[in-house]
Structures are given as structure tokens and as C-alpha cells.
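4 protein chains.
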Amino acid sequence: MPVETQEEVPEIKEPLRRVGITNLRTVAKINWKGREYTFLPLIEITIDLPAEKKGIHMSRLVESITEAMGEAVEEEVLKVHTSLEELGKCVIERLEKKHPHRRAEVWIKTHLIIPRVTPASRKTSYEPYDVEVGVIKNDDGSFEKVLRVRVIGNTACPHAMANNNGKTHIQRAIGELEIRAPFSEEIELEEMIDIVEGSFSNPTYTLLKTEDENAVVRGMYKNPKFVEDVAREIFAKARERFGGRIHVRVISNESIHKHDVIAETWS
Amino acid sequence: MPVETQEEVPEIKEPLRRVGITNLRTVAKINWKGREYTFLPLIEITIDLPAEKKGIHMSRLVESITEAMGEAVEEEVLKVHTSLEELGKCVIERLEKKHPHRRAEVWIKTHLIIPRVTPASRKTSYEPYDVEVGVIKNDDGSFEKVLRVRVIGNTACPHAMANNNGKTHIQRAIGELEIRAPFSEEIELEEMIDIVEGSFSNPTYTLLKTEDENAVVRGMYKNPKFVEDVAREIFAKARERFGGRIHVRVISNESIHKHDVIAETWS
Amino acid sequence: MPVETQEEVPEIKEPLRRVGITNLRTVAKINWKGREYTFLPLIEITIDLPAEKKGIHMSRLVESITEAMGEAVEEEVLKVHTSLEELGKCVIERLEKKHPHRRAEVWIKTHLIIPRVTPASRKTSYEPYDVEVGVIKNDDGSFEKVLRVRVIGNTACPHAMANNNGKTHIQRAIGELEIRAPFSEEIELEEMIDIVEGSFSNPTYTLLKTEDENAVVRGMYKNPKFVEDVAREIFAKARERFGGRIHVRVISNESIHKHDVIAETWS
Amino acid sequence: MPVETQEEVPEIKEPLRRVGITNLRTVAKINWKGREYTFLPLIEITIDLPAEKKGIHMSRLVESITEAMGEAVEEEVLKVHTSLEELGKCVIERLEKKHPHRRAEVWIKTHLIIPRVTPASRKTSYEPYDVEVGVIKNDDGSFEKVLRVRVIGNTACPHAMANNNGKTHIQRAIGELEIRAPFSEEIELEEMIDIVEGSFSNPTYTLLKTEDENAVVRGMYKNPKFVEDVAREIFAKARERFGGRIHVRVISNESIHKHDVIAETWS
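Residue numbers (this note's numbering), protein chains in the order written: chain A, 5 to 271; chain B, 5 to 271; chain C, 5 to 271; chain D, 5 to 271.
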């Protein structure tokens with residue numbers, strides 16, 4: 005019989021909050037609005053560890069993930085994994101049968117590719133977004149979720165525009181929106197992305213024909229914004245639209261400086 | 005006269021918590037225990053922005069940094085900048101004269117190189133550590149600090165050792181300790197580093213002659229530890245030694261897996 | 005009519021080798037051995053630019069990618085995109101109809117997830133690998149390809165083992181194998197991965213039950229290897245098995261040091 | 005007596021090109037034009053390994069670095085380490101007495117902070133640059149060097165400007181210049197930086213008062229450039245000024261796209 009060192013009493017009897025595995029790359033499928041999507045996400049899964057146990061059984065966490073992700077569950081995918089957070093919850097539910105714990109967290113980090121229509125030529129442009137979804141089972145058994153999106157846009161400086169007869173410096177900016185809410189709250193990542201993307205001086209596109217590029221350029225000059233303006237607009241729209249706690253962070257890769265500027269706020 | 009767009013009333017009247025500059029690489033000097041040390045840190049500096057102002061004056065934040073860092077203040081360096089957090093506080097004090105605000109934060113991220121003595125040949129080995137210091141001026145004018153160290157060590161798995169007649173898997177591990185405390189609390193980064201470095205299966209060294217390597221190898225086998233054990237030891241020692249809120253995170257780059265394992269806790 | 009600045013004669017008449025777009029995240033599908041696989045790769049696509057033209061038409065490069073990747077080509081995917089390099093070649097073939105050029109390159113970077121069987125419990129473990137495929141059309145119209153794999157494994161130091169009665173330091177190591185060959189050369193990424201993974205002290209697994217962990221631990225002690233040994237084995241096996249130019253790089257995240265060790269060679 | 009496993013004959017008798025240590029963070033001092041500068045560089049040092057030796061003695065490489073960097077050599081620093089490449093050469097010269105080899109390489113990666121004068125207010129602005137210096141001793145005993153600089157600037161698109169009555173998209177761009185030359189060739193990193201920085205639409209500054217910002221904004225509109233134009237200008241100026249082989253790479257973080265554009269060439 006193998007020794008189960010994990011079950012021993014540790015020298016230092018101190019409970020730990022988050023113990024588990026991180027930076028695990030795997031494959032995941034979800035069935036969103038009737039269509040199957042495949043991802044290769046980066047996963048973290050942790051549980052709490054009571055003071056009197058030396059360690060957790062790491063392999064059971066891996067099993068919970070690979071079983072929920074695996075091909076054996078094709079049917080389950082079609083019915084249950086209708087979003088990244090439903091998938092995360094299924095991982096925790098499998099874990100409940102494998103490893104005792106009071107708290108558990110699953111974090112899933114991937115990219116979404118969303119088709120958009122360009123502003124003038126009306127062509128389809130596939131836009132990439134970074135998303136991360138956390139599912140947290142609290143001590144009392146309640147489920148929370150944390151949804152994060154990261155969107156690339158731009159800022160056209162209103163201060164320089166006012167001082168240079170309409171000329172100004174423009175640059176790429178990155179907007180991040182995080183919402184922490186009860187699991188049952190209906191929040192779509194796509195809608196969060198739309199809010200961030202719509203708060204820049206102008207949205208960006210992967211494909212731009214000359215007439216589209218002209219439309220984007222004119223859009224940026226019509227809508228000059230500080231990084232502060234972008235952060236405020238994301239925050240105000242998200243608070244109006246969603247329940248939960250909101251965190252906004254916007255970073256602008258200044259074209260006139262070697263450093264970045266930042267605006268951040270939270271509720 | 006230039007237009008000051010920053011002073012206008014914004015469309016969305018929402019106060020912002022942290023507005024400023026980030027990812028600024030510059031040069032800094034401190035005089036620690038009578039000796040001058042030079043760094044090339046990465047700096048972030050932010051202030052709050054009230055609801056009725058459109059933006060902050062970014063260049064004044066840069067001035068506060070470059071003046072405090074600059075060569076004109078050689079004398080000040082010798083007398084006042086006796087630690088990274090004293091330097092951060094000086095930046096905020098300069099900023100007070102340049103830009104109205106209620107809250108301010110300065111974050112300074114750099115490396116420390118500390119000489120150690122190897123365990124058998126007693127040679128000097130220069131060990132690198134990542135450190136980050138945050139100085140926060142709160143709304144009430146009180147000052148807090150956040151000190152972070154990141155130390156590279158190792159874990160030798162006690163579970164595999166118990167099941168394989170003393171053989172086990174060993175790997176690099178990274179321990180992070182963060183302390184948030186009132187500014188006046190006496191906390192030395194070097195002591196925080198010592199606590200983390202001393203909590204692994206064995207410390208690591210840049211220079212190891214064969215006799216030293218043997219001592220490190222034997223040390224690891226005498227002291228097998230889960231990532232959970234390392235986290236508990238750092239946490240318990242830091243709580244005993246320092247005031248303030250403590251956060252510990254240990255990540256082990258498993259040699260038998262492609263993913264990492266993690267143990268985290270906080271007070 | 006829009007101005008086509010790209011067609012103007014530049015001030016400095018100097019031909020450029022590689023002009024295009026990089027860091028483009030998109031979706032790609034291939035039909036490998038009868039099954040459809042979806043990826044979210046990072047793409048780079050470049051062409052040469054003659055001395056007398058000021059710029060290239062970037063949007064045509066994007067179109068070549070998105071059309072080849074897009075859903076309109078489902079049928080083509082099933083028949084033609086039977087590997088990442090076939091997909092890359094299709095992108096270049098589309099580009100030939102859109103933008104004159106003599107040289108072209110497409111680089112596709114993604115992850116592969118491959119099911120493995122664990123050494124003792126015979127469970128399925130899904131293992132992640134980083135891969136990159138480059139397809140290069142040379143000036144003479146010939147096609148080359150560059151295939152890269154990056155595999156996580158481990159090293160158990162034979163020198164420490166010889167000096168410490170069978171005890172030694174063990175650590176995670178990363179092996180990289182690159183092959184540059186004519187496009188027609190039959191080289192499977194999976195086979196390249198197998199060669200690298202089989203050259204470490206022991207393969208690593210995402211899922212390891214205790215009996216599997218024991219097998220991996222014993223395997224590492226039976227097969228101690230310097231980073232130099234791993235590099236030589238990968239190089240020798242790859243040269244025996246594949247045509248083309250071979251480049252090998254192995255990095256070991258030493259558990260006794262804070263730095264890494266490296267062994268590299270090429271043909 | 006310890007076993008010297010490195011001296012054994014390996015199973016696979018294959019010479020290796022580059023074996024050594026990498027990602028070593030340490031402290032370095034140079035005396036440049038009469039002033040002492042301190043760095044915390046990242047270092048790589050490798051030698052070749054003949055077919056009949058199993059491994060190299062890694063600790064001797066570390067000793068060569070730490071001795072050359074250390075405080076015991078203050079006098080040597082003042083006289084001999086007058087540049088990063090002289091420092092690299094000293095490391096190899098120390099290594100010659102410690103470890104037999106035919107080829108050796110030392111790579112030193114750090115930041116330079118250079119004071120500049122802003123364009124209108126004539127204030128001092130400290131600008132950061134990434135630099136890397138490689139020193140290579142070839143099989144025939146000759147010394148070569150590789151110098152790399154990485155500079156942050158900007159591009160203002162001439163195509164959009166021509167199609168939008170002088171309005172255009174502007175963005176941060178990164179220019180990289182590498183020169184490989186005989187060791188004796190006189191090439192200053194500062195001059196390489198000046199060439200790259202002077203090839204963008206306008207230089208960037210860390211500190212910009214409103215009048216300076218206006219000057220930078222107007223400068224960008226007066227000097228619209230494709231990423232291709234920037235690459236050509238760097239290449240032409242570097243070829244005119246320096247001997248050796250030249251490699252140029254410019255990447256523009258497009259403000260209208262989520263991806264980057266790239267222009268690259270070499271001699």
C-alpha cells in the first residue's frame with residue numbers, strides 16, 4: 005500500500021486558502037447557442053487545505069479537469085457546458101466527489117474570436133479578445149463567478165488636439181473589465197467585450213480596406229479621449245448594465261512617450 | 005496660453021481611484037547603511053481623480069519621479085533615500101507640491117543582488133532576488149507600504165520519497181512574500197528574503213563547487229517539502245516576525261508534470 | 005479615388021526582406037487524419053518589398069489569412085488543410101492572387117494536446133506541447149518549411165548522483181527541436197515531439213496517480229542526464245530520422261541554482 | 005575525491021556548439037568615459053563541448069562572471085571595463101584560464117538610461133533603452149561582437165494622411181538594430197540608439213510639458229512614415245556609419261488594428 009503523506013499532520017498547523025495546480029494547458033469544448041466551440045485554455049484549480057492535513061491530492065484535481073474536458077463527455081458538453089463558467093462549475097462538481105474541501109476555485113483563461121463587420125466596406129473581420137473566467141465555491145456552498153475581458157482599442161488625446169488645431173497623438177490602448185457576481189447572474193462575455201470596445205476613441209479591426217481605414221481614422225478624431233475618459237465610460241456602462249462588483253483598468257501605450265499611462269477604478 | 009483640457013468637467017462625472025503612469029524605466033540611487041546602490045527600476049505612480057476633473061497632469065508625475073531620482077539631489081540621496089520605500093515617499097512628497105490629490109501610490113520594482121557564502125567551500129555567491137515596494141498615501145494622509153520579495157528555491161516531494169525508498173522528484177520552486185503595513189513599521193526586504201529562502205527544502209546558490217553541490221543535494225533529501233509546507237513555513241515565520249498583513253504564494257515547477265503546483269494563503 | 009501611397013517611390017530605395025503583419029490571433033481548422041481540429045494560433049505573414057515601392061498593402065495579407073481560415077472554406081478544410089503547413093501554404097497561394105511578391109513567409113504558432121497513456125495505471129493523460137510552423141516561398145518559387153516543437157521534460161544530474169550515493173538534483177527541462185526542410189519532406193510534428201520527449205531522463209505527464217508517480221521517479225533515477233546528454237540524443241535521433249537542417253536547444257531550470265543551464269547545437 | 009562525470013566519454017559522441025548557463029541575473033560595473041555605471045544585467049555564457057567529453061564544468065563559467073563583475077576588481081573596472089563589450093571580453097579571458105574550449109560566447113542584456121533635452125522647454129528627460137551585447141571568441145581565436153539596441157518611437161501613417169486631409173493614425177513603434185562586427189570595430193551603443201531614435205516619425209520623451217507635447221505632435225504630422233520607411237532609414241544610416249553585418253526590425257503597434265505590422269531587413 006502506498007504511503008499517503010498528504011494525510012499526515014503537518015509540523016506547522018496552519019490552514020491554507022488556495023492549494024492546487026496552475027498553468028495547465030488543455031483542451032475544452034463548449035456548446036454555446038447550439039454551436040460547438042473548441043479552446044486550448046490555461047487552467048488553474050485550487051481548494052482550501054485544513055490545518056491538520058499536510059497536503060492535498062493533486063492528481064484528483066487533474067482528474068476533475070480532464071474528465072470534464074474529455075471526449076467521453078460529448079453528450080454532457082452538448083447539454084451542460086453552455087458557457088465557460090458552466091464548464092468551470094462542472095469541474096468543481098466532479099471534484100466534490102473526489103476530494104473533500106470547503107472552498108474551491110477554477111480559473112479558465114483563453115481567447116475568443118468574434119466576427120465583426122467593418123465600418124465602410126461591410127466585410128467580415130475576425131477580432132480576438134482575451135477572456136478569463138473564475139468559478140468560486142465559497143465556504144457556505146454558494147457559487148460566485150469572476151468574468152474578465154481584455155480588449156485592444158485606442159485613444160486620441162483631447163488635450164493635444166485642443167492645442168494643435170485638431171492634430172493630436174493617437175495610440176493603442178488596452179481596456180480590461182472584471183465583474184465579480186453571484187453565479188446565477190446573467191452576464192455574457194460578449195456583452196462585456198462590446199462595452200469595452202465601444203468605450204475607446206474608436207473600435208479596432210483586423211481587416212481594414214482603405215475606405216474602412218478612413219472611417220476609423222475619422223472616428224478617432226471625432227471622439228478624442230483620455231485614458232481617464234475610457235475608464236469612466238466602461239465603468240458607467242458596466243454598472244448600469246450588470247450586477248456585481250466591477251473593476252476597470254485602461255492602459256494606453258502612449259505614442260509620444262516610452263512609458264504607458266493608466267486609469268483604474270472599482271466598485 | 006495652452007488649453008488645459010484636464011481641468012474641464014468630464015461628460016461622465018465619476019471619481020477614479022488610480023490615474024497615472026506605469027512601466028516607466030528609470031535610474032534610482034539609495035544610500036543603504038552608508039553605501040550607495042544604483043538600480044534601474046520599473047516605476048508606477050498614480051493619484052486619484054475627482055469626479056469633476058477630466059484628467060490629471062501626467063507630466064507632473066514624471067517630474068516628481070525624475071527630480072527625486074536625479075543627480076541634482078545627490079545630497080538628499082545620501083541623507084534621505086536610505087531605502088526604496090523612503091525613496092518612494094520622497095516622490096510622493098515632491099508630488100504634493102506639484103499636483104493636488106488625496107490618494108497617491110508609488111510602486112518601484114527592481115532586483116536585489118545579495119552576497120551569500122556557499123555551504124561547503126565558503127565561497128561568495130551573488131544571489132539575485134526580485135523585489136517590489138509600494139508606498140501608498142491614503143485619503144487621511146497616513147502612509148502605508150507594501151513590500152514584496154520573490155525568491156527562487158526548490159522542493160523535494162515527501163510523498164514520492166516515502167513511496168520510493170528515499171528517492172523522490174525535486175524541482176525549482178518560487179516563493180513570494182508580501183507584507184502590507186503602516187509606513188513606520190520596520191521591515192527589511194533582506195529579512196523577508198531570508199525567511200522565504202530558508203523555507204524551501206534547501207537554499208539555492210549561483211556558484212556551487214562540487215562539494216557545495218553535494219551539500220545542497222543532501223540538504224534537499226534531508227528536508228523534503230510539499231509546496232504546502234513551504235507556504236506554511238513562510239507564513240508562520242513572517243507572522244511571528246513582522247506586523248502588518250501577510251500574503252504568501254509558492255509555485256513549484258514540477259519536474260514530473262508540465263504544469264505547476266501552487267499553495268497560497270494570507271492574513 | 006483613394007491615394008495609394010504604397011505605390012509611390014520611397015525616398016530611400018532599399019529593398020526590404022520581410023514586411024507584413026505579426027501577432028495576429030485568429031481561428032484555424034485543419035482536418036488531420038479524418039478528424040477536425042480547431043486552433044487559436046498566433047500568425048505572422050510577410051512578403052518582400054522591392055526598392056522602388058514605398059509600402060505593401062497590409063490588408064491583402066489579412067484577407068489571405070482570414071479567407072483561408074474562414075468558414076466559407078469548410079470544404080477546402082476537409083480536403084486540403086490536412087496539416088498546419090498545408091494551411092500555411094494555402095494562405096500563400098491565396099496571397100499570390102492578391103499581392104505581387106517574390107518571397108513570402110507564413111508562421112503559425114499554437115499548442116497541440118496529445119493523449120498519452122500513464123506508465124503504471126494506464127490512464128489517459130492529455131499532454132500539451134508548443135508548436136510553430138513556418139512556410140517559406142523562396143525567390144525561385146520553391147517552398148520550404150520550418151517545424152518547431154517545444155516539450156517539457158526533466159533532467160536528473162549524473163554528476164551529483166555519482167558523488168552522493170545515488171541521490172541527485174532533479175529539475176524541469178525544456179527541449180526545443182527545429183527542422184528546416186523542403187516543403188515536400190514528410191515530417192510529422194507528433195514524431196518530432198516524441199523524439200524530444202523520449203530524450204529526457206523521463207517523460208512528464210499531466211495526470212499521475214501514486215503508482216505512476218513512482219514509475220516516473222524511478223525512471224528518472226535510472227536515466228540520469230546532463231542537459232548536454234538530452235541535446236545530443238535529440239540531435240542524433242532527429243538527424244537519423246529526418247532530412248533537412250536541424251537545430252536543438254535544451255534548457256534546464258536547475259533546482260540548485262537560480263539560473264538555467266543550456267545546451268545547443270545545429271547542423 | 006569527487007567523481008568528475010563531465011570528463012567521461014558520452015554515449016552519443018557528438019560535439020555541441022553552445023553549452024553553458026543562461027538567465028543569470030547579476031551586478032556589473034563599467035567605467036565609461038571616466039564615470040562609473042552600475043547595471044543589473046541578465047547574462048548568458050556558453051562554450052563548445054567536444055564529442056568525447058560528457059559535459060562542461062558549469063561552476064567555472066559562473067566563477068569567470070562573478071570574478072570579473074565582483075568588487076575585488078574595482079581597479080580593473082576603472083581601467084579595463086570601459087564598455088559592456090570590454091567587460092564581456094574580460095569574462096572570456098578569465099574563462100580561458102579555467103576551462104579549456106575553442107569557442108566561447110558571453111551575452112549581456114541590460115537597460116541604458118540616457119539624458120535628453122526636450123524639444124521646446126529644454127528640460128532634461130531621462131530616456132530608457134534596451135541593449136544587448138554579445139562577445140564571441142571564434143575557433144581561430146578571433147573576437148567578434150554583436151551589439152543590439154531596442155528603441156521606442158512612433159509612426160504616423162502617410163497613406164491614411166493622404167486620404168483624410170492630413171488626419172492619420174499614429175502609434176507606438178519599436179525599432180531594433182543589430183550589428184555584428186569584428187571586436188576591434190568602434191561602434192557605440194549610444195550612436196546606434198541615436199540612429200534608430202532619429203528614424204521614427206518623431207522621437208519620444210519621458211517628460212513632456214505642454215509646449216514639448218505640441219512640438220512632438222507637430223513633428224509626427226510633418227514626418228509621416230510607414231514602418232517600411234523607418235526600417236529603410238535605420239538600415240541606410242547604419243550601413244553608412246558602421247562596418248559589420250546589419251539587421252533591422254521595426255514593429256508598429258497599430259492603433260487601428262489589434263495586431264502589429266513589421267518590416268525587417270539585413271545585410
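Every residue, glycine too, gets a C-beta built ideally from N, C-alpha and C. Fair warning: this is a prediction, and the values are worked out from it, not measured in the lab.
- As summarised for the segment 169–245 of chain C, the continuous beta strand (DSSP E) elements at least 3 residues long and confined to that stretch are 174–186, given in chain order.
- Going by beta carbons, V23 of chain B and G92 of chain B fall outside the 9 Å limit.
- A Cβ-Cβ separation of about 6 Å places R154 of chain A in contact with I178 of chain A under the 8 Å criterion.
- Non-local C-beta neighbours of V150 of chain B in its own chain, meaning closer than 6 Å and more than five positions away in sequence, comprise G138, R184, ordered along the chain.
- Under the Cβ criterion of 9 Å, N168 of chain A is not counted among the residues facing chain C.
- A check of alpha carbon separations from I266 of chain B across B:A235, B:E244, B:H251, B:K241 identifies B:A235 as the nearest.
- The beta carbon of V200 of chain A does not come within 9 Å of any beta carbon belonging to chain C, so the residue lies off that interface.
- Residue-level contact check: S259 of chain A touches chain D, since one or more beta carbons of chain D fall below 9 Å from its beta carbon.
- If you draw a straight line from the Cα of I238 of chain C to the Cα of P14 of chain D, it comes to about 14 Å.
- Measuring C-alpha to C-alpha distances from E244 of chain C to each of C:I260, C:V110, C:M196, C:A219 identifies C:M196 as the nearest.
- Residues of chain D with a Cβ closer than 7 Å to the Cβ of L212 of chain B are, in chain order, S63.
- Every unbroken stretch of the beta strand (DSSP E) spanning 3 or more residues and falling wholly within the segment 98–175 of chain B is given here in chain order: 108–121, 128–141, 147–160.
- The segment 209–224 of chain C and the segment 112–131 of chain C touch, with three or more beta-carbon pairs separated by less than 8 Å.
- Note on geometry: alpha-carbon atoms of D134 of chain D and M5 of chain B lie some 37 Å from one another.
- Exclusion of the five residues before and after K17 of chain D leaves A55, E56 as the residues of its chain whose Cβ lies within less than 8 Å of its Cβ.
- Within the segment 119–149 of chain B, contact with chain C at the beta-carbon level (separation under 9 Å) is assigned to E131, P132, Y133.
- Beyond the five residues adjoining it in sequence on each side, V231 of chain C comes within less than 8 Å, by CB distance, of T159, A177, V254, I255, S256, V265, I266, A267 in the same chain, given in chain order.
- Against chain C, a Cβ distance below 9 Å from K113 of chain B picks out nothing, because the smallest value is about 18 Å.
- Each residue's CA atom was taken as its position, placing K141 of chain B and F246 of chain B some 21 Å apart.
- As for any beta strand (DSSP E) of minimum length 3 sitting wholly inside the segment 9–79 of chain B, the runs are 20–29, 32–36, 39–43, 46–53, ordered along the chain.
- Setting aside the 5 residues that flank it on each side, N169 of chain A has no residue in the same chain whose C-beta is closer than 8 Å to its C-beta.
- Contact with chain B is found for N218 of chain D, since one of that chain's Cβ atoms lies less than 9 Å from the residue's Cβ.
- In the three-state reduction of the DSSP assignment, I260 of chain C falls in the coil class.
- For K102 of chain D, the CB contacts under 7 Å within the same chain, skipping 5 residues up- and downstream, are R64, E67, S68 in chain order.
- Burial is judged here by how many other beta carbons sit within 10 angstroms of a residue's own beta carbon; P186 of chain A has fewer than 16 and is exposed.
- Here P162 of chain A really is in contact with P228 of chain A; their C-beta atoms are around 4 Å apart, less than 8 Å.
- Rounded to whole angstroms, the Cβ separation of A166 of chain C and T9 of chain D is 5 Å, and the two are in contact under 8 Å.
- With its beta carbon less than 9 Å from one in chain A, A240 of chain B belongs to the interface.
- No Cβ-Cβ contact shorter than 9 Å links D143 of chain A with R98 of chain A.
- Note on G145 of chain B: under 16 other CB atoms within 10 angstroms of its CB, so exposed under the neighbour-count rule.
- Rounded to the nearest whole angstrom, the C-alpha separation of P19 of chain D and M224 of chain C is 24 Å.
- Residues of the segment 22–35 of chain B whose Cβ lies closer than 7 Å to any Cβ of chain A, in chain order: R22, V23, G24, I25, T26, N27, L28.
- Between T114 of chain D and Y130 of chain B, the C-beta spacing is not below 9 Å.
- Residues of the same chain with a CB within less than 8 Å of the CB of G248 of chain C, apart from the 5 flanking positions on each side, are I183, R184, A185, P186, E189, I191 in chain order.
- For chain A, the residues of the segment 218–233 of chain B that bring a beta carbon within less than 8 Å of one of its beta carbons are F230, V231, E232, D233, in chain order.
- M62 of chain D and V31 of chain D have their alpha carbons spaced roughly 19 Å apart.
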